[in-house]
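*Asks:*
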Amino acid sequence: MDVGTAPALGIRQVSEETGLSIDTLRWYEREGLLPLVERTADGRRRYPPGALRFIRLVQALRRTGMPVAEVRRFIELGGGELAHHPERMALLERQCAAIEERLAELRDDLAVVQAKIETYRALIARGLDCEDELSEDLVDQLRSDELLAGTLPEAPSQGRAPSERGVRSEAVLPQR
Numbered sequence: 000m001d002v003g004t005a006p007a008l009g010i011r012q013v014s015e016e017t018g019l020s021i022d023t024l025r026w027y028e029r030e031g032l033l034p035l036v037e038r039t040a041d042g043r044r045r046y047p048p049g050a051l052r053f054i055r056l057v058q059a060l061r062r063t064g065m066p067v068a069e070v071r072r073f074i075e076l077g078g079g080e081l082a083h084h085p086e087r088m089a090l091l092e093r094q095c096a097a098i099e100e101r102l103a104e105l106r107d108d109l110a111v112v113q114a115k116i117e118t119y120r121a122l123i124a125r126g127l128d129c130e131d132e133l134s135e136d137l138v139d140q141l142r143s144d145e146l147l148a149g150t151l152p153e154a155p156s157q158g159r160a161p162s163e164r165g166v167r168s169e170a171v172l173p174q175r
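Take 0 as the starting number for the sequence shown in numbering that gives the first Met the number 0 and just add one per residue.
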């Protein structure tokens, strides 16, 4: 279908296509995040054919933590003025950097959770209590021994918070 002849969409259709609630779409419009919404003579919202792509961009920016004020600024800088392109690009680049930082944090958090799962598996396999710190120390000791023996690949974080990585208690290090 040619975009130039595609029919405008109603709010229910846009809601179904984007997964956003009708209330959220209305809120986006009130906040100035959907400037292209037109109204029929009886006041019904009509979204132009390109609205779905634009709404998905707004969704992505919001879902990744861009403040409403910055999304609004990005939209205000639109309108086809070439002079605004660098500022729009800068907003997107800052958001991209924030997303990358958050992804790195999430990867670190994932490694901690995965290490805890492996610790629990090892404790359960040995019939030990998962909530007992001494049991966890035992698993750390076994893991350390296996690392030194070269039989276990090192996990990225060994189940410790980023500030603790590489720090081992003397009680769990093998005496060599």
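Think of the CB as a built atom: it goes at the ideal place given N, C-alpha and C, for glycine as much as any other residue.
Keep in mind it's a predicted model, so treat the numbers as computed, not measured.
1) Could you name the residues that DSSP lists as bridge partners for leucine 8?
2) Going by CA-CA distance only, name the one from Ala114, Leu8, Arg101 and Glu92 that's closest to arginine 45.
3) Count the other CB atoms within 10 Å of the CB of leucine 102; is the residue buried (16 or more) or exposed (fewer)?
4) Would you tell me roughly how many angstroms separate the C-alpha atoms of leucine 90 and glutamine 58, rounded to the nearest one?
5) Apart from the five residues on each side of it in sequence, which residues of its chain come closer than 6 angstroms, Cβ to Cβ, to isoleucine 119?
6) What is the C-beta distance between proline 48 and alanine 5, in whole angstroms, given that I count them as a contact (C-beta under 8 angstroms)?
7) Where does valine 112 land, buried or exposed, given buried means 16+ other C-beta within 10 angstroms?
8) Identify which residue in Gln94, Lys115 and Thr63 has its Cα closest to the Cα of glutamate 132.
9) Where do the N-terminal and C-terminal ends of the alpha helix (DSSP H) with aspartate 86 fall, by residue?
10) Taking the beta carbon of glutamine 12 as the centre, do at least 16 other beta carbons fall within 10 Å, making it buried, or is it exposed?
11) Please classify glutamate 99: is it buried, with 16 or more other beta-carbons within 10 angstroms of its beta-carbon, or exposed?
12) So is leucine 81 buried or exposed if we call it buried at 16+ other beta carbons inside 10 Å?
13) Is the separation between the beta-carbon of threonine 17 and that of arginine 43 shorter than 8 angstroms?
14) Looking at the unbroken alpha helix (DSSP H) that takes in aspartate 22, where does it start and where does it end?
15) First and last residue of the alpha helix (DSSP H) that includes glutamate 69?
16) Quick one: is methionine 88 buried, meaning 16 or more other Cβ sit within 10 Å of its Cβ, or exposed?
17) Beta carbon of glutamate 86, beta carbon of leucine 76: below 8 angstroms?
*Replies:* From the atom records:
1) For the purposes of this step, residue 8 is taken as the residue at position 9 of the sequence shown. Paired residue(s): Tyr46.
2) Residue numbering aside, residue 45 sits at position 46 when the sequence shown is read from its first letter. Arginine 45 has its Cα closest to that of Leu8, out of Ala114, Leu8, Arg101 and Glu92.
3) Residue mapping note: residue 102 aligns to position 103 of the sequence shown, counting from 1. Leucine 102 counts as exposed, since fewer than 16 other beta carbons sit within 10 angstroms of its beta carbon.
4) Here residue 90 corresponds to residue number 91 of the sequence shown, with the count starting at 1. Here residue 58 corresponds to residue number 59 of the sequence shown, with the count starting at 1. In a straight line, the C-alpha of leucine 90 is about 15 angstroms away from that of glutamine 58.
5) The residue labelled residue 119 in the question sits at position 120 within the sequence shown. Per the sequence presented here, residue 119 reads as tyrosine, with isoleucine not at that position. Once the five neighbours on either side are set aside, the close Cβ partners of tyrosine 119 are Cys129.
6) Start at 1 with the first residue of the sequence shown, and residue 48 comes out as number 49. Start at 1 with the first residue of the sequence shown, and residue 5 comes out as number 6. That pair is a contact at about 4 angstroms.
7) In the sequence shown, the residue the question calls residue 112 occupies position 113. Counting of Cβ neighbours within 10 angstroms places valine 112 among the exposed residues, the total staying below 16.
8) The residue you call residue 132 lines up with position 133 of the sequence shown. Distances from the CA of glutamate 132 to each of Gln94, Lys115 and Thr63 were compared; the closest alpha carbon is that of Lys115.
9) Here residue 86 is taken as the residue at index 87 of the sequence shown, counted from 1. It should be noted that the sequence gives glutamate, not aspartate, for residue 86. Per DSSP, glutamate 86 belongs to the alpha helix (DSSP H) from 84 to 124.
10) Taking the first residue of the sequence shown as position 1, residue 12 is located at position 13. Per the 10 Å Cβ criterion, exposed.
11) Against the sequence shown, residue 99 aligns to sequence position 100. The Cβ neighbour count for glutamate 99, taken over all protein chains shown within 10 Å, is under 16; the residue is labelled exposed.
12) Start at 1 with the first residue of the sequence shown, and residue 81 comes out as number 82. So leucine 81 counts as exposed.
13) Mapped onto the sequence shown, residue 17 falls at position 18. Mapped onto the sequence shown, residue 43 falls at position 44. No, they are not a contact pair.
14) By one-based count along the sequence shown, residue 22 stands at place 23. For aspartate 22, the uninterrupted alpha helix (DSSP H) run begins and ends at 21 to 29, by DSSP.
15) Translated into positions along the sequence shown, residue 69 becomes position 70. In the DSSP assignment, glutamate 69 falls within the unbroken alpha helix (DSSP H) covering 67 to 75.
16) Numbered from its first residue, the sequence shown carries residue 88 at position 89. When all chains shown are included, methionine 88 counts as exposed.
17) As a first step, residue 86 is located in the sequence shown; it is residue number 87 there, counting from the start. As a first step, residue 76 is located in the sequence shown; it is residue number 77 there, counting from the start. At a Cβ-Cβ threshold of 8 angstroms, glutamate 86 and leucine 76 count as neighbours.
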